[in-house]
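J.: Numbering (my numbering), first residue to last: 14 to 289.
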Amino acid sequence: MFVAVLAFVGISSPAMAQLATRCTLDDQLTNATLAQGRNAWARKCGFISAAKEAYLNSEGEYQVFLEGCYAYPSVIPGSSCSRFIPADVNAACIGLTEISKLGTCVTGCLTPTQKVSFGGKHMPIPEALASGAPTVTALTPSATMLAPTYSEQPIRAYIAGDTIEDVFALHLTNGITLEVTSEHPMVDGEGNLVKAKSLKAGDLLLASDGQKVSISDINVFRFKGYVWNVQPSSHDKAENIFDVEGLLTGSVRFQNEWADIHYRLATREEADVQGL
Numbered sequence: 014m015f016v017a018v019l020a021f022v023g024i025s026s027p028a029m030a031q032l033a034t035r036c037t038l039d040d041q042l043t044n045a046t047l048a049q050g051r052n053a054w055a056r057k058c059g060f061i062s063a064a065k066e067a068y069l070n071s072e073g074e075y076q077v078f079l080e081g082c083y084a085y086p087s088v089i090p091g092s093s094c095s096r097f098i099p100a101d102v103n104a105a106c107i108g109l110t111e112i113s114k115l116g117t118c119v120t121g122c123l124t125p126t127q128k129v130s131f132g133g134k135h136m137p138i139p140e141a142l143a144s145g146a147p148t149v150t151a152l153t154p155s156a157t158m159l160a161p162t163y164s165e166q167p168i169r170a171y172i173a174g175d176t177i178e179d180v181f182a183l184h185l186t187n188g189i190t191l192e193v194t195s196e197h198p199m200v201d202g203e204g205n206l207v208k209a210k211s212l213k214a215g216d217l218l219l220a221s222d223g224q225k226v227s228i229s230d231i232n233v234f235r236f237k238g239y240v241w242n243v244q245p246s247s248h249d250k251a252e253n254i255f256d257v258e259g260l261l262t263g264s265v266r267f268q269n270e271w272a273d274i275h276y277r278l279a280t281r282e283e284a285d286v287q288g289l
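Now the structure itself:
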């Protein structure tokens with residue numbers, strides 16, 4: 014079953030955020046370059062407008078099509094994909110009557126048991142969605158490594174996607190274990206946003222209280238099921254860093270529209286953001 018169409022649990026507002034899909038079984042694009050390439054191709058070939066292309070790129074989303082995918086013919090079991098859809102603006106167009114548009118997907122998350130801070134209370138993302146949590150706890154723009162400060166950010170969308178992929182279980186010396194997908198952005202001991210797959214035992218991660226915690230072990234396992242993330246309405250980078258299981262991790266935006274931007278949390282007391 015294709016799950017690309019956005020499923021709304023209500024109007025995107027402070028009262029209720031939307032649920033967006035991460036299209037892992039049917040048309041998963043794994044990085045921002047491919048996602049933007051798909052949008053550029055769809056615009057060139059007349060499927061979307063230039064304004065829609067710009068909007069999708071700004072939100073880290075990409076256009077998807079009925080029973081089509083970029084990976085074809087290497088289709089994973091359970092996928093409905095039966096034809097190739099390009100992700101390159103230079104690729105030849107497909108006729109407007111030959112394929113049908115669906116909704117959009119996000120690239121790039123957390124297994125469903127991982128607890129994120131919503132309104133100062135840690136809970137799994139599916140539970141937060143079910144309860145209608147309108148905000149997620151995130152760093153403030155003035156936060157630094159020495160003084161991490163927090164505020165509540167309105168949620169634009171909850172991200173969910175059915176997947177079969179490797180998950181990295183990060184075991185820390187303070188007893189915390191965090192399960193994330195390979196591209197998930199973590200804040201290391203120097204305040205840099207790094208991908209989970211780049212970490213190794215002995216590396217330091219930044220905890221939500223500003224302490225540095227060492228990784229004691231990492232094990233990778235094959236995960237089948239839904240993975241989750243949250244996308245706040247804010248486009249401020251600090252306000253897209255959350256408290257997950259007591260660690261600082263980035264929102265889905267760092268896997269999409271900001272994937273190629275180096276971000277480092279300020280080390281000074283001033284509200285200083287580097288690498289923008």
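Cβ coordinates follow ideal geometry from the N, Cα and C atoms, glycine included.
Identify, in the order they occur along the chain, each residue of the same chain with its Cβ nearer than 6 angstroms to the Cβ of serine 164, setting aside the five sequence neighbours on each side.
T.: Within the sequence shown, numbered from 1, the residue matching residue 164 stands at position 151. Counting only Cβ-Cβ distances below 6 angstroms, and skipping sequence neighbours, we find Thr153.
J.: Apart from the five residues just before and just after arginine 235, which ones in its own chain have a Cβ nearer than 8 angstroms to its Cβ?
T.: Counting from 1 along the sequence shown, the entry for residue 235 is found at position 222. Same-chain partners within the cutoff: Ile177, Glu178, Asp179 and Val180.
J.: At what residues does the alpha helix (DSSP H) containing proline 167 begin and finish?
T.: On the sequence shown, residue 167 is found 154 positions in, with the first residue counted as 1. Looking at the DSSP string, proline 167 is not in any alpha helix (DSSP H); the run it does join, the beta strand (DSSP E), is 163 to 185.
J.: Among Gly174, Val88 and Trp271, whose alpha-carbon lies nearest the alpha-carbon of proline 139?
T.: For the purposes of this step, residue 139 is taken as residue 126 along the sequence shown, with counting starting at 1. Ranking Gly174, Val88 and Trp271 by Cα distance to proline 139 puts Gly174 first.
J.: DSSP has cysteine 220 in a bridge; who is on the other side?
T.: As a working note, residue 220 is residue 207 in the sequence shown. Sequence check: residue 220 is alanine here, not cysteine. Looking at the DSSP assignment, alanine 220 forms a beta bridge with Leu260.
J.: Pull up the distance between the alpha-carbon of glycine 215 and that of asparagine 187, whole angstroms please.
T.: The residue labelled residue 215 in the question sits at position 202 within the sequence shown. The residue labelled residue 187 in the question sits at position 174 within the sequence shown. Cα to Cα, the separation comes out at about 13 angstroms.
J.: Using only CA atoms, which one of Asp39, Glu192 and Val265 lies nearest to leucine 206?
T.: Position 193 of the sequence shown, counting from 1, holds the residue named residue 206. The shortest Cα separation from leucine 206 among Asp39, Glu192 and Val265 belongs to Val265.
J.: Give the secondary structure of serine 130 by DSSP, where H, G and I count as helix, E and B as strand, and everything else as coil.
T.: As a first step, residue 130 must be located in the sequence shown, where it is residue number 117. Reduced to three states, the DSSP call for serine 130 is strand.
J.: DSSP state of leucine 278, grouped into three classes?
T.: The sequence position of residue 278 within the sequence shown is 265, counting from 1. In the structure shown, leucine 278 sits in coil (DSSP, three-state: anything other than H, G, I, E or B).
J.: According to DSSP, is phenylalanine 267 helix, strand or coil?
T.: The sequence position of residue 267 within the sequence shown is 254, counting from 1. Helix.
J.: Could you give the first and the last residue of the continuous alpha helix (DSSP H) run that contains leucine 142?
T.: For the purposes of this step, residue 142 is identified with residue 129 of the sequence shown, where counting begins at 1. 138 to 144 is the span of the alpha helix (DSSP H), which, as asked, contains leucine 142.
J.: According to DSSP, simplified to helix, strand and coil, what is phenylalanine 21?
T.: As a first step, residue 21 is located in the sequence shown; it is residue number 8 there, counting from the start. Since pLDDT at phenylalanine 21 reaches only 29, below the 50 mark, its modelled position is unreliable, and the value read off the structure follows with that caveat. Coil.
J.: Checking the sheet assignment: what are the DSSP bridge partners for threonine 117?
T.: Residue 117 sits at position 104 when you count from the first residue of the sequence shown. Paired residues: Gln76.
J.: Enumerate, from N- to C-terminal direction, the unbroken beta strand (DSSP E) stretches of 3 or more residues contained entirely within the segment 40 to 104.
T.: The qualifying runs are 74 to 78.
J.: Could you give the residue range of the beta strand (DSSP E) that holds glutamate 192?
T.: Your numbering for residue 192 matches position 179 in the sequence shown. Unbroken beta strand (DSSP E) run through glutamate 192: 190 to 194.
J.: How should proline 86 be labelled, buried or exposed, when 16 other C-beta atoms within 10 angstroms of its C-beta is the threshold for buried?
T.: The residue given as residue 86 occupies position 73 in the sequence shown. So proline 86 counts as exposed.
J.: Would you tell me roughly how many angstroms separate the C-alpha atoms of glutamine 287 and glutamate 111, rounded to the nearest one?
T.: Residue numbering aside, residue 287 sits at position 274 when the sequence shown is read from its first letter. Residue numbering aside, residue 111 sits at position 98 when the sequence shown is read from its first letter. Residue confidence is low: glutamine 287 scores 43 on pLDDT, short of 50, so the model does not pin down where it sits. No coordinate-derived value is stated.
J.: Tell me which same chain residues have a C-beta within less than 6 angstroms of the C-beta of serine 95, skipping the five on either side of it?
T.: Taking the sequence shown and counting its residues from 1, one reaches residue 95 at position 82. Counting only Cβ-Cβ distances below 6 angstroms, and skipping sequence neighbours, we find Glu80.
J.: Taking just the CA atoms, how far does isoleucine 274 sit from arginine 56?
T.: As a position in the sequence shown, residue 56 is number 43, starting the count at 1. As a position in the sequence shown, residue 274 is number 261, starting the count at 1. In a straight line, the C-alpha of arginine 56 is about 24 angstroms away from that of isoleucine 274.
J.: How far does the beta strand (DSSP E) with alanine 151 in it extend, from its first residue to its last?
T.: As a working mapping, residue 151 is identified with position 138 in the sequence shown. It spans 148 to 152 - the beta strand (DSSP E) in which alanine 151 sits, taken as one unbroken run.
J.: Let me know the secondary structure DSSP gives serine 229 once reduced to three states.
T.: Reading the sequence shown from its first residue, position 216 is the one you call residue 229. Strand.
J.: Give the secondary structure of lysine 210 by DSSP, where H, G and I count as helix, E and B as strand, and everything else as coil.
T.: On the sequence shown, position 197 is the one that residue 210 refers to. Lysine 210: helix per DSSP, three-state reduction.
J.: Starting from the C-beta of asparagine 269, find all residues in its chain whose C-beta is less than 8 angstroms away, skip the five residues before and the five after it, and write them out in chain order.
T.: The sequence position of residue 269 within the sequence shown is 256, counting from 1. Correct list, in chain order: Ala45, Ala48, Glu72, Gly73, Glu74, Val119, Thr120 and Gly121.
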